[in-house]
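Down below is the structure, laid out as structure tokens.
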Amino acid sequence: QVQLVESGGGLVQPGGSLTLSCAVSGSILRIDSMGWYRQAPGKERELVATITSGRRTNYADSVKLRSTISRDNAENTVTLQMNSLKPEDTAIYYCNLIGSYGLEYWGKGTLVTVSS
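Residues 89 to 204 in this note's numbering are what the sequence shown lists, from first letter to last.
So this is what it looks like as structure tokens:
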């Protein structure tokens, strides 16, 4: 059974940085894409950043200039580095994986709170 385990959330001051990591456990034949989504209170879940097996990246406009997503294909991990954090970045961040035949997996989420 494939599971995604997120780490790195917490309380960060405005202007600060954080790194979110996601590790895949369990057997999976192929990973096409991994990434991060977030859901703020009262809002729908939205894309933050994704990265394909070929390392093609896609970012939300709101984070594009201050975020970097990276992936270790050998270790099946994905990392999101975010800088210059703003209160509006406060959300639960979810790791996402798309594998063979479009199968999609989600982590349980990690809370990021940006506040002074």
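Just so you know, even glycine gets a beta-carbon here, dropped at the ideal spot from N, CA and C. Fair warning: this is a prediction, and the values are worked out from it, not measured in the lab.
Comparing alpha-carbon positions, which option in LYS174, THR140, SER113 and GLY130 lies nearest TRP124?
Distances from the alpha-carbon of TRP124 to those of LYS174, THR140, SER113 and GLY130 put THR140 closest.
Thinking just about the alpha-carbon of each residue, which of TYR181, ASN146 and MET122 is nearest to the one in ASN164?
If you compare the alpha carbons of TYR181, ASN146 and MET122 with that of ASN164, the shortest gap goes to MET122.
In this structure, does DSSP put GLY104 in helix, strand or coil?
Reduced to three states, the DSSP call for GLY104 is coil.
Determine the DSSP secondary structure at GLU176, reduced to helix, strand or coil.
In the three-state DSSP reduction, GLU176 falls in the helix class (H, G or I).
By Cβ distance, which residues of its chain are closer than 7 Å to GLN101, with the 5 residues on each side in sequence left out?
These residues qualify, in order along the chain: SER204.
Closest to ASN184 by C-alpha separation, out of ALA128, ARG133 and LEU106, would be which residue?
Ranking ALA128, ARG133 and LEU106 by Cα distance to ASN184 puts ARG133 first.
Relative to the C-alpha of MET170, which residue among GLY142, ALA162 and THR201 is closest?
With distances taken between Cα atoms, MET170 lies closest to THR201.
When VAL112, LYS174 and GLY96 are compared against ASN205, the one with the closest alpha-carbon:
The displayed coordinates of the chain run from 89 to 204. Any statement about residue 205 would go beyond what the structure contains.
Since GLY195 and LEU92 should fall inside the 8 Å C-beta cutoff, what is the C-beta to C-beta distance between them, to a whole number of angstroms?
At roughly 4 Å, the Cβ-Cβ gap stays under 8 Å, so GLY195 and LEU92 are in contact.
I need the DSSP call for SER109, collapsed to helix, strand or coil.
The three-state secondary structure of SER109, taken from DSSP, is strand.
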